[in-house]
Amino acid sequence: MAADDVSGGPSVHPRLRLVADALVVLAVLPWMTSILVSGAVVAPKVFGILGDPARGGEVMQPIFIALGWAYVGLAVLLVLGEILRGISLGWRVLSGVSLLRLPTSALLTVLALWSALVVNPEMKAIRDSGLTRGQGDAWIRFESLHRLAETLATAQLILGALLLLLVFAGAWRRAAAEG
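Letter 47 of the sequence shown, counting from 1, is numbered 46 in numbering that gives the first Met the number 0, and no numbers are missing.
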(Lines of atoms letter the chains of each structure in order from A and count residues from 1; the text may use other names and numbers.)
(Lines give C-alpha, C1' and ligand atoms only; values in the text may rest on other atoms or scores of the structure.)
Protein backbone atom coordinates (compact mmCIF):
# COMPACT_ATOMS: atom_id res chain seq x y z
CA MET A 1 0.00 0.00 0.00
CA ALA A 2 1.37 3.40 -0.93
CA ALA A 3 2.02 5.92 1.80
CA ASP A 4 -1.02 7.97 0.83
CA ASP A 5 -3.56 5.16 0.42
CA VAL A 6 -5.22 5.87 3.77
CA SER A 7 -5.48 9.58 3.03
CA GLY A 8 -6.52 9.36 -0.63
CA GLY A 9 -3.26 10.43 -2.25
CA PRO A 10 -1.50 13.74 -2.55
CA SER A 11 -3.66 16.82 -2.28
CA VAL A 12 -4.27 19.22 -5.12
CA HIS A 13 -4.87 21.80 -2.35
CA PRO A 14 -2.95 20.60 0.75
CA ARG A 15 -4.12 23.41 3.07
CA LEU A 16 -7.72 22.80 2.12
CA ARG A 17 -7.12 19.14 2.96
CA LEU A 18 -6.04 20.16 6.48
CA VAL A 19 -9.14 22.33 6.88
CA ALA A 20 -11.31 19.45 5.68
CA ASP A 21 -9.75 17.04 8.17
CA ALA A 22 -10.09 19.63 10.95
CA LEU A 23 -13.80 20.09 10.18
CA VAL A 24 -14.36 16.34 10.33
CA VAL A 25 -12.57 16.07 13.67
CA LEU A 26 -14.41 19.13 15.04
CA ALA A 27 -17.70 17.51 14.04
CA VAL A 28 -17.02 13.98 15.24
CA LEU A 29 -15.28 14.56 18.60
CA PRO A 30 -18.09 16.50 20.31
CA TRP A 31 -20.66 14.20 18.69
CA MET A 32 -19.06 11.06 20.10
CA THR A 33 -18.26 12.69 23.44
CA SER A 34 -21.84 13.82 23.95
CA ILE A 35 -23.20 10.38 23.07
CA LEU A 36 -20.89 8.82 25.65
CA VAL A 37 -21.53 11.41 28.36
CA SER A 38 -25.30 11.59 27.91
CA GLY A 39 -25.79 7.83 27.59
CA ALA A 40 -23.22 6.49 30.02
CA VAL A 41 -23.09 9.24 32.66
CA VAL A 42 -25.99 11.71 32.61
CA ALA A 43 -28.93 9.37 31.89
CA PRO A 44 -27.95 6.76 34.50
CA LYS A 45 -27.43 9.52 37.10
CA VAL A 46 -30.78 11.15 36.33
CA PHE A 47 -32.62 7.83 36.46
CA GLY A 48 -30.79 6.89 39.66
CA ILE A 49 -31.53 10.19 41.40
CA LEU A 50 -35.19 10.26 40.41
CA GLY A 51 -35.73 6.56 41.08
CA ASP A 52 -38.67 6.55 38.68
CA PRO A 53 -38.10 5.43 35.07
CA ALA A 54 -41.12 7.38 33.80
CA ARG A 55 -39.93 10.62 35.40
CA GLY A 56 -36.36 9.98 34.27
CA GLY A 57 -37.60 9.53 30.72
CA GLU A 58 -39.55 12.78 30.92
CA VAL A 59 -36.40 14.62 32.04
CA MET A 60 -34.05 13.01 29.51
CA GLN A 61 -36.36 13.10 26.48
CA PRO A 62 -35.90 16.82 25.69
CA ILE A 63 -32.15 16.42 26.20
CA PHE A 64 -31.98 13.55 23.72
CA ILE A 65 -34.15 15.45 21.24
CA ALA A 66 -31.88 18.51 21.50
CA LEU A 67 -28.80 16.32 21.12
CA GLY A 68 -30.37 14.68 18.07
CA TRP A 69 -30.66 18.07 16.41
CA ALA A 70 -27.12 18.95 17.49
CA TYR A 71 -25.94 15.75 15.79
CA VAL A 72 -27.73 16.80 12.61
CA GLY A 73 -25.82 20.09 12.77
CA LEU A 74 -22.55 18.26 13.35
CA ALA A 75 -23.41 15.94 10.45
CA VAL A 76 -23.71 19.02 8.22
CA LEU A 77 -20.23 20.06 9.37
CA LEU A 78 -19.00 16.52 8.66
CA VAL A 79 -20.46 16.57 5.14
CA LEU A 80 -18.88 19.97 4.54
CA GLY A 81 -15.53 18.55 5.63
CA GLU A 82 -15.88 15.63 3.25
CA ILE A 83 -16.86 17.94 0.36
CA LEU A 84 -13.81 20.11 1.05
CA ARG A 85 -11.70 16.96 1.16
CA GLY A 86 -13.04 15.98 -2.27
CA ILE A 87 -12.18 19.44 -3.61
CA SER A 88 -8.71 19.26 -2.06
CA LEU A 89 -8.08 15.96 -3.84
CA GLY A 90 -9.40 17.19 -7.18
CA TRP A 91 -12.31 14.72 -6.94
CA ARG A 92 -10.05 11.79 -7.79
CA VAL A 93 -11.39 8.29 -7.30
CA LEU A 94 -10.00 7.09 -3.99
CA SER A 95 -8.48 3.70 -3.42
CA GLY A 96 -7.32 1.52 -0.57
CA VAL A 97 -8.34 2.15 3.00
CA SER A 98 -9.21 5.78 2.22
CA LEU A 99 -12.22 4.48 0.34
CA LEU A 100 -13.76 3.67 3.75
CA ARG A 101 -13.91 7.29 4.84
CA LEU A 102 -16.71 8.52 2.59
CA PRO A 103 -19.19 5.68 3.25
CA THR A 104 -18.37 5.85 6.97
CA SER A 105 -19.20 9.57 6.99
CA ALA A 106 -22.32 8.99 4.92
CA LEU A 107 -23.62 6.22 7.17
CA LEU A 108 -22.88 8.26 10.30
CA THR A 109 -24.89 11.13 8.80
CA VAL A 110 -27.80 8.87 7.86
CA LEU A 111 -27.94 7.40 11.38
CA ALA A 112 -28.03 10.89 12.91
CA LEU A 113 -30.84 11.92 10.58
CA TRP A 114 -32.79 8.72 11.28
CA SER A 115 -32.51 9.28 15.03
CA ALA A 116 -33.47 12.96 14.92
CA LEU A 117 -36.18 12.83 12.26
CA VAL A 118 -37.81 9.45 12.87
CA VAL A 119 -36.94 7.70 16.14
CA ASN A 120 -36.91 10.62 18.60
CA PRO A 121 -40.17 12.19 17.34
CA GLU A 122 -41.98 8.85 17.42
CA MET A 123 -40.77 8.16 20.97
CA LYS A 124 -41.93 11.63 22.02
CA ALA A 125 -45.33 11.15 20.37
CA ILE A 126 -45.83 7.84 22.18
CA ARG A 127 -44.77 9.34 25.52
CA ASP A 128 -46.99 12.41 24.97
CA SER A 129 -49.99 10.19 24.21
CA GLY A 130 -50.05 8.97 27.80
CA LEU A 131 -47.65 6.05 27.82
CA THR A 132 -48.17 3.65 30.72
CA ARG A 133 -45.04 1.75 31.65
CA GLY A 134 -45.32 -1.96 30.92
CA GLN A 135 -48.81 -1.82 29.42
CA GLY A 136 -50.16 -2.17 25.91
CA ASP A 137 -48.95 -1.95 22.37
CA ALA A 138 -47.69 1.60 22.87
CA TRP A 139 -45.31 0.36 25.56
CA ILE A 140 -44.06 -2.46 23.33
CA ARG A 141 -43.47 0.01 20.48
CA PHE A 142 -41.78 2.49 22.82
CA GLU A 143 -39.42 -0.18 24.17
CA SER A 144 -38.63 -1.25 20.61
CA LEU A 145 -37.82 2.34 19.66
CA HIS A 146 -35.74 2.77 22.82
CA ARG A 147 -33.63 -0.27 21.90
CA LEU A 148 -33.31 1.10 18.36
CA ALA A 149 -32.19 4.49 19.70
CA GLU A 150 -29.53 2.79 21.84
CA THR A 151 -28.40 0.71 18.85
CA LEU A 152 -28.20 3.80 16.65
CA ALA A 153 -26.14 5.61 19.29
CA THR A 154 -23.78 2.65 19.60
CA ALA A 155 -23.43 2.44 15.82
CA GLN A 156 -22.67 6.16 15.68
CA LEU A 157 -19.95 5.70 18.31
CA ILE A 158 -18.36 2.87 16.34
CA LEU A 159 -18.54 4.74 13.04
CA GLY A 160 -17.26 7.93 14.66
CA ALA A 161 -14.30 6.09 16.17
CA LEU A 162 -13.55 4.48 12.80
CA LEU A 163 -13.78 7.83 11.05
CA LEU A 164 -11.41 9.48 13.53
CA LEU A 165 -9.00 6.58 13.10
CA LEU A 166 -9.11 7.03 9.31
CA VAL A 167 -8.54 10.79 9.56
CA PHE A 168 -5.63 10.45 11.98
CA ALA A 169 -4.11 7.52 10.06
CA GLY A 170 -4.22 9.58 6.88
CA ALA A 171 -2.59 12.56 8.56
CA TRP A 172 0.07 10.34 10.12
CA ARG A 173 0.86 8.68 6.78
CA ARG A 174 1.06 12.03 5.01
CA ALA A 175 3.43 13.32 7.68
CA ALA A 176 5.56 10.16 7.46
CA ALA A 177 5.70 10.41 3.65
CA GLU A 178 6.79 14.05 3.84
CA GLY A 179 9.59 13.11 6.21
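The beta carbon of each residue, even a glycine, is placed where N, CA and C say it ideally should be.
- By a beta-carbon distance limit of 8 Å, residue 151 contacts residue 114. Their separation comes to about 5 Å.
- For residue 80, the closest alpha carbon among the candidates 162, 176 and 173 is that of 162.
- Residue 166 holds the alpha-carbon nearest to the alpha-carbon of residue 98 among 31, 166 and 69.
- Excluding residues up to 5 positions away in sequence, 59 lie with their Cβ nearer than 7 Å to the Cβ of residue 42 in the same chain.
- Between the beta-carbon of residue 28 and that of residue 83 there is about 17 Å, and that puts the pair past the 8 Å contact cut.
- The Cβ neighbour count for residue 89, taken over all protein chains shown within 10 Å, is under 16; the residue is labelled exposed.
- CA-to-CA, the gap between residue 135 and residue 11 works out to about 59 Å.
- When C-alpha distances from residue 70 are compared across 26, 104 and 101, the shortest belongs to 26.
- DSSP places residue 131 outside any alpha helix (DSSP H), giving it a letter other than H or E.
- Using a Cβ distance threshold of 7 Å, residue 118 and residue 137 do not count as a contacting pair.
- Excluding sequence positions up to five before and after residue 53, its CB lies within less than 7 Å of the CB of 132, all in the same chain and listed in chain order.
- Between the beta-carbon of residue 35 and that of residue 77 there is about 18 Å, and that puts the pair past the 8 Å contact cut.
- Judged by their CB atoms, residue 141 and residue 158 are not nearer to each other than the 7 Å cut-off.
- A direct Cα-Cα distance of roughly 23 Å separates residue 44 from residue 68.
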